[in-house]
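Visitor:
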Amino acid sequence: MKTLTLLRHAKSGWDDPVERDFDRPLNAKGERAAQLIGRHLRSLGLEFDHIIASPAARVGDTIDQLGAGYGRAFVPEWDRRLYLASPVTLLDVIHGLPAEAERVLLIGHNPGLEELVLLLVPDDASDVLRQEAAAKYPTATVAEIRFADDWPSVGAATGTLTRFIRPRDLDPALGPDQA
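Residue numbers (our numbering): 950 to 1128.
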């Protein structure tokens, strides 16, 4: 059984005067949310044997804050293909994951991550987690998908969504329109 955990980067600072979208850092709310998610992942006992991430500044900042909350540094493999990637590109990355990797953490951007979840998980009206992911995939949200086969076999409707964790589920102050 392979487990893919998708993490959307935390909330970034649109007010920051950077010239390129790629260079936008997290804002204070994003830092708090990433730390909270890190603490929560640790409390669930989740560990990862392979981490792959977009090299965008806000993803790097998310990883730093996630590690601060988790209590250890995360050292990802940086992959430029993940920056604002489509679900097709993300699927190519998944197909190329090391065969020995059992629990992978992939950190990137929307809309690609949300669209990937909707591609990989069968559309079942009774699947509450999938319906939540379809409604909105907020920043710093985690989606965990399990697969019965190896990475090259991952495709449309082959996964089971086992977790969908939003920062606001853990702390309502991190929900929409909250400072």
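Where a beta carbon is used, it is the ideal one built from N, C-alpha and C, also for glycine. Keep in mind it's a predicted model, so treat the numbers as computed, not measured.
#1: What residue from Val1053, Thr1088 and Asp1099 has the CA that sits closest to Asn976's CA?
#2: For a quick check, are the C-beta atoms of Val1070 and Tyr1086 less than 8 Å apart?
#3: According to DSSP, is Ser961 helix, strand or coil?
#4: Could you compute how far the alpha carbon of Ala1082 sits from the alpha carbon of Phe1113?
#5: Give the range of the beta strand (DSSP E) segment to which Asp1112 is assigned.
#6: If you run the structure through DSSP and keep just helix, strand and coil, what is Thr1090?
#7: What residue range does the alpha helix (DSSP H) around Leu1015 cover?
#8: Residue range of the alpha helix (DSSP H) that Val1053 falls in?
#9: When the Cβ atoms of the region 955-971 are set against those of the region 1048-1063, are three or more pairs found closer than 8 Å?
#10: On the three-state DSSP scale, how would you describe Ala977?
#11: Please look up how many angstroms separate the CB atoms of Leu1119 and Leu985, rounded, as I've assumed it's under 8 Å.
#12: Which partner residues of His999 appear in the DSSP bridge assignment?
#13: According to DSSP, is Arg1030 helix, strand or coil?
#14: Can you tell me whether Arg1115 is buried or exposed? The criterion is at least 16 other CB atoms within 10 Å of its CB, across all chains shown.
#15: Do you know offhand how far Glu1051's Cα is from Met950's?
Guide: Reading off the structure:
#1: Stepping through the sequence shown from its first residue, residue 976 is reached at position 27. Checking every option, the nearest Cα to that of Asn976 belongs to Thr1088.
#2: The residue given as residue 1070 occupies position 121 in the sequence shown. The residue given as residue 1086 occupies position 137 in the sequence shown. It is not a contact, given that the beta carbons lie outside the stated cut-off.
#3: By 1-based counting over the sequence shown, the position of residue 961 is 12. Three-state DSSP puts Ser961 in a strand.
#4: On the sequence shown, residue 1082 is found 133 positions in, with the first residue counted as 1. On the sequence shown, residue 1113 is found 164 positions in, with the first residue counted as 1. CA-CA distance, Ala1082 to Phe1113, rounds to 7 Å.
#5: Walking along the sequence shown from the start, residue 1112 turns up at place 163. Here residue 1112 turns out to be Arg, not Asp, going by the sequence shown. Its beta strand (DSSP E) spans residues Gly1108 to Ile1114.
#6: Reading the sequence shown from its first residue, position 141 is the one you call residue 1090. The answer is coil: DSSP assigns Thr1090 none of H, G, I, E or B.
#7: What you label residue 1015 is simply residue 66 of the sequence shown in a count that begins at 1. Ala1006 to Tyr1019 is the extent of the alpha helix (DSSP H) around Leu1015.
#8: Taking the sequence shown and counting its residues from 1, one reaches residue 1053 at position 104. For Val1053, there is no enclosing alpha helix (DSSP H); the enclosing beta strand (DSSP E) covers residues Arg1052 to Gly1057.
#9: The region 955-971 makes contact with the region 1048-1063; the number of CB pairs closer than 8 Å reaches 3 or more.
#10: Position 28 of the sequence shown, counted from the start, is the residue given in the question as residue 977. In this structure, Ala977 counts as helix in the three-state DSSP scheme.
#11: Taking the sequence shown and counting its residues from 1, the one referred to as residue 1119 is at position 170. Taking the sequence shown and counting its residues from 1, the one referred to as residue 985 is at position 36. Cβ atoms of Leu1119 and Leu985 come within 8 Å of each other, at about 5 Å.
#12: Sequence index remark: in the sequence shown, residue 999 carries index 50 (1-based). Answer is Val1053.
#13: Translated into positions along the sequence shown, residue 1030 becomes position 81. The answer is helix: DSSP assigns Arg1030 an H, G or I state.
#14: Residue 1115 sits at position 166 when you count from the first residue of the sequence shown. With 16 or more other Cβ atoms within 10 Å, it is buried.
#15: What you label residue 1051 is simply residue 102 of the sequence shown in a count that begins at 1. What you label residue 950 is simply residue 1 of the sequence shown in a count that begins at 1. Those two C-alpha atoms are separated by around 7 Å.
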